[in-house]
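Chain order of the listed sequences is A and B. Under the working numbering, residues 48 to 162 are what the first sequence spells out, in order. Under the working numbering, residues -6 to 155 are what the second sequence spells out, in order. Glycine included, each C-beta is placed from N, C-alpha and C at the ideal position. Presented below is the structure to which this report refers.
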Amino acid sequence: MKLREIVELLDGVLLTDAEHLDREITCAFGSDLISDILMCTKEATLLLTGLTNPQVIRLSDMIDLLGIIFVRGKKPADDLIEMANARDLPLITTKFTLYKSAGILYNSGLRSCKI
Amino acid sequence: MAVYCNISEDAQQKYEHFTKEKPNPEMSIEYKVGHKDFVNSGKASSEIKLMLKRLGVNPEILRKVAVASYEAEINVTAHSLGGDIICDIYLDCVHIKFIDNGPGIKNLEKALEPGWSTADDLVREMGFGAGLGLPNIKKNADVMHIESAENQSTILQIIVFY
Ligand SMILES: Nc1ncnc2c1ncn2[C@@H]1O[C@H](COP(=O)(O)OP(=O)(O)OP(=O)(O)O)[C@@H](O)[C@H]1O
Ligand SMILES: [Mg+2]
C-alpha cells in the first residue's frame, strides 16, 4: 500500500518531503526497543515506534527502513526531520497509540515484516 | 579476566587461514566513542557500512556488519566511560575492535544471556536495555571475542567475512 493511504488511515501528518507519499510500503514492525528492531527486521520495513531520539533515525543507516511512524502524538525535533530528509526516510506522526495504529494497518492488509 | 569466542562453522576455515596468514589491512580507520553520547554514537558504524558498500560488499553482509558494529558501539556509549573503535578492512573480511575505558563487565556469562541488562534510566529512555545487544552481535558476526572484568576495559572484537 502507498504511504499516502497509511497517512490517511492513521489520520497522521507527513513530516518529511511530500514526494514520500508515493512510496510503496510492503510490511511493518512495531517496537520501542532498538535491539529488538535490529534483531527482527530482515527485510525493508515500515517502523512504528514511540522513540523520537536521534538513534531511531541512525537505525535506518544500519537496516532498511521504508519509513517511521511516531505514535501517541510524538513528534521528533526539527534536526531529526532534517536527518531523515537527508536519508530520504519518510517520517509520519499520528495521535493513535502503537496498538491502535498497528491494528488499523493490519486490518487494512499491511502484513507484518518477516522476523 | 574472561574470554568468549564464537566462531561460526562456516567461518572456521576462513578464520584459521586469516590468523595464519596475518595479512596487512587494505585500510585501517579509528573512531572515538563518547560516554553517553547518544547524538553521535552509531556514526562510526554507519561510516564503516558505507565504506564497505563502496567496496562492493553485498547488502546482506553489510547489514550483518552494521548491526553487530552498531550494537557494540552503542554498548561503549551506554555502559562504558567511552573508548575507541579500530576498523581494519581486508580483501575478504572486516575486523572491528572496540576498546573502552572501563568500568568493565563483572559477570561476562550473564552479560551474554539474552535479556540481561544493567542499563540505567537514561539508556532505557533512548530505547536500549533489552539485553539483546551482545546476543545480536553473536548472531551477526562470524567471529566474536570479548574480554572484560570488573574495573578494567572491555575489548570486543568482531570479524565478518564477505
Ligand atoms: N562495553 C561495555 N562495558 C561495560 N558493560 C557492558 C559493555 N557492553 C555490555 N555491557 C554489559 O552487558 C550487558 C548486556 O549487554 P547487551 O548489549 O546484551 O544489552 P544492553 O546493552 O543492556 O541492552 P540492548 O543492547 O538490548 O539495548 C549490559 O547491560 C552491560 O551490563
Ligand atoms: Mg547493548
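Where are the beta strand (DSSP E) runs, 3 residues long or more, that stay fully inside the segment 15 to 103 of chain B, in chain order?
-> The segment 15 to 103 of chain B contains these whole beta strand (DSSP E) runs: 20 to 27, 75 to 82, 86 to 93.
Chain A contact residues for B/M47, given Cβ-Cβ distances below 9 Å = Translated into positions along the second sequence, residue 47 of chain B becomes position 54. The amino acid at residue 47 of chain B is misidentified as Met; the sequence shows Arg. Near B/R47 there are no residues of chain A at all, since even the closest Cβ is about 14 Å away, more than 9 Å.
In the DSSP assignment, find the unbroken alpha helix (DSSP H) run with A/L152 in it and report its ends.
-> Locating residue 152 of chain A in the first sequence gives position 105, counting from the first residue. Per DSSP, A/L152 belongs to the alpha helix (DSSP H) from 145 to 154.
Quick one: residues in its chain with C-beta nearer than 8 Å to the C-beta of A/V54, no 5 flanking neighbours on either side, listed in chain order?
-> Here residue 54 of chain A refers to the residue found at position 7 of the first sequence. Cβ-Cβ distances below 8 Å link A/V54 to V60, L61, L68, I139 in the same chain, with the five nearest sequence neighbours on each side left out; the list follows chain order.
Bridge partner(s) assigned by DSSP for A/T92 = Position 45 of the first sequence holds residue 92 of chain A. In DSSP, A/T92 forms a bridge with A/L112.
Delimiting residues of the beta strand (DSSP E) encompassing A/C74 = Taking the first residue of the first sequence as 1, we reach residue 74 of chain A at position 27. Unbroken beta strand (DSSP E) run through A/C74: 74 to 77.
is_contact[B/N129, chain A] using C-beta, thresh 8 Å = For this step, residue 129 of chain B is matched to residue 136 along the second sequence. Interface with chain A (8 Å Cβ-Cβ cutoff): B/N129 is included.
Grab the span of the beta strand (DSSP E) containing A/E129 for me, first residue to last.
-> One-based indexing of the first sequence puts residue 129 of chain A at position 82. Run containing A/E129: none in the beta strand (DSSP E); it sits in the alpha helix (DSSP H), 125 to 133.
Quick one: residues with CB closer than 5 Å to any heavy atom of ligand 2, in chain order, please.
-> Result (chain order): B/N68, B/G126.
Helix or strand or just coil, what does DSSP make of A/M48?
-> The residue you call residue 48 of chain A lines up with position 1 of the first sequence. Three-state DSSP puts A/M48 in coil, outside helix and strand.
Residues of chain B with CB under 7 Å from A/E101, in chain order?
-> Here residue 101 of chain A corresponds to residue number 54 of the first sequence, with the count starting at 1. It should be pointed out that residue 101 of chain A corresponds to Pro in this sequence rather than to Glu. Per Cβ cutoff of 7 Å: F31, V32.
May I ask whether a heavy atom of ligand 3 can be found less than 7 Å away from the beta carbon of B/H10?
-> Ligands in the displayed structure: ligand 1 and ligand 2; ligand 3 is not one of them.
Considering only residues of the same chain and omitting the five flanking positions on each side of B/S110, which have a CB-CB separation below 6 Å?
-> For this step, residue 110 of chain B is matched to residue 117 along the second sequence. The answer, listed in chain order, is G122, G124.
Looking only at C-alpha atoms, which of B/E140, B/D3, B/E53 sits nearest to B/K99?
-> If you number the second sequence from 1, residue 99 of chain B lands on position 106. Taking only the C-alpha atoms, the option nearest B/K99 is B/E140.
Beta-carbon contacts of B/N133 that lie in its chain and below 7 Å, excluding the five residues immediately before and after | Within the second sequence, numbered from 1, the residue matching residue 133 of chain B stands at position 140. If you ignore the 5 residues before and after B/N133, its C-beta comes within less than 7 Å of the C-beta of K57, V60, A61, all in its own chain and listed in chain order.
Quick one: is A/M109 near chain B, going by C-beta distance under 8 Å?
-> Walking along the first sequence from the start, residue 109 of chain A turns up at place 62. Taking Cβ atoms only, chain B reaches closer than 8 Å to A/M109, which makes this a yes.
Assigned secondary structure, A/V60 (DSSP; H/G/I helix, E/B strand, else coil) | On the first sequence, residue 60 of chain A is found 13 positions in, with the first residue counted as 1. Residue state, collapsed to three classes: strand.
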